[in-house]
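What follows is a single structure, written as structure tokens, with notes after it.
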Amino acid sequence: MVKKIIFLFVILTIISCKKEKVDGIIIGDTLLVHQSLSENIKMESLINHALKKDKNAIIGIKKFPNGGAASSYGLGYVLTQIIYRIGENEFANILREIPKSELNGFEGLIAVGL
């Protein structure tokens, strides 16, 4: 019984450590649920770097494992919030720097994020 209580406490602690918001960028509930703690930490890092206009971070967000279905909407929402923060023109400039092989998928994520 005590082991079950400790296990439950540890699980609840780990779940509550995930960040739902990074520098004002909201990670939707569906996307958050499908993230492990380490994935959430990686998402936090990607968001922070993307806000600094790092093209590799923006590619990383597009490729981030999201569990599919409704989580893809959450990932698109993260991306559209970043676009709003850095500006559409700046985002377009970043896309020009991204290799053509990496451009697939951005349009769909932005569409579902809106």
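At the far end of the sequence shown sits residue 113, using numbering that gives the first Met the number 0, and the numbering has no gaps.
Positions of the beta carbon are idealized from the N, C-alpha and C atoms, including for glycine.
Among the options, nearest to residue i - alpha-carbon criterion
{"i": "residue 112", "options": "55, 88, 64 and 70", "result": "70"}
{"i": "residue 72", "options": "110, 36 and 90", "result": "110"}
{"i": "residue 107", "options": "85, 26, 84 and 62", "result": "62"}
Distance between residue j and residue i (C-alpha atoms, nearest Å)
{"i": "residue 92", "j": "residue 65", "result": "26 Å"}
{"i": "residue 49", "j": "residue 1", "result": "44 Å"}
{"i": "residue 51", "j": "residue 7", "result": "38 Å"}
{"i": "residue 59", "j": "residue 3", "result": "37 Å"}
{"i": "residue 82", "j": "residue 55", "result": "15 Å"}
{"i": "residue 53", "j": "residue 36", "result": "23 Å"}
{"i": "residue 17", "j": "residue 88", "result": "32 Å"}
{"i": "residue 31", "j": "residue 67", "result": "12 Å"}
{"i": "residue 57", "j": "residue 27", "result": "18 Å"}
{"i": "residue 5", "j": "residue 104", "result": "42 Å"}
{"i": "residue 29", "j": "residue 44", "result": "19 Å"}
{"i": "residue 33", "j": "residue 25", "result": "15 Å"}
{"i": "residue 101", "j": "residue 90", "result": "15 Å"}
{"i": "residue 46", "j": "residue 86", "result": "15 Å"}
N-terminal and C-terminal residue of the alpha helix (DSSP H) that residue i is part of
{"i": "residue 87", "result": "87 to 96"}
{"i": "residue 68", "result": "From DSSP, residue 68 is part of no alpha helix (DSSP H); its letter is neither H nor E."}
{"i": "residue 28", "result": "28 to 32"}
{"i": "residue 52", "result": "Note, residue 52: premise wrong, no alpha helix (DSSP H); not H, not E."}
{"i": "residue 105", "result": "105 to 112"}
Check whether the region 81 to 100 and the region 32 to 41 touch, using three or more Cβ-Cβ pairs below 8 Å as the test. no
For the region 74 to 83 against the region 16 to 34, do three or more pairs of beta-carbon atoms, one drawn from each stretch, fall closer than 8 Å, so that the two count as touching? yes
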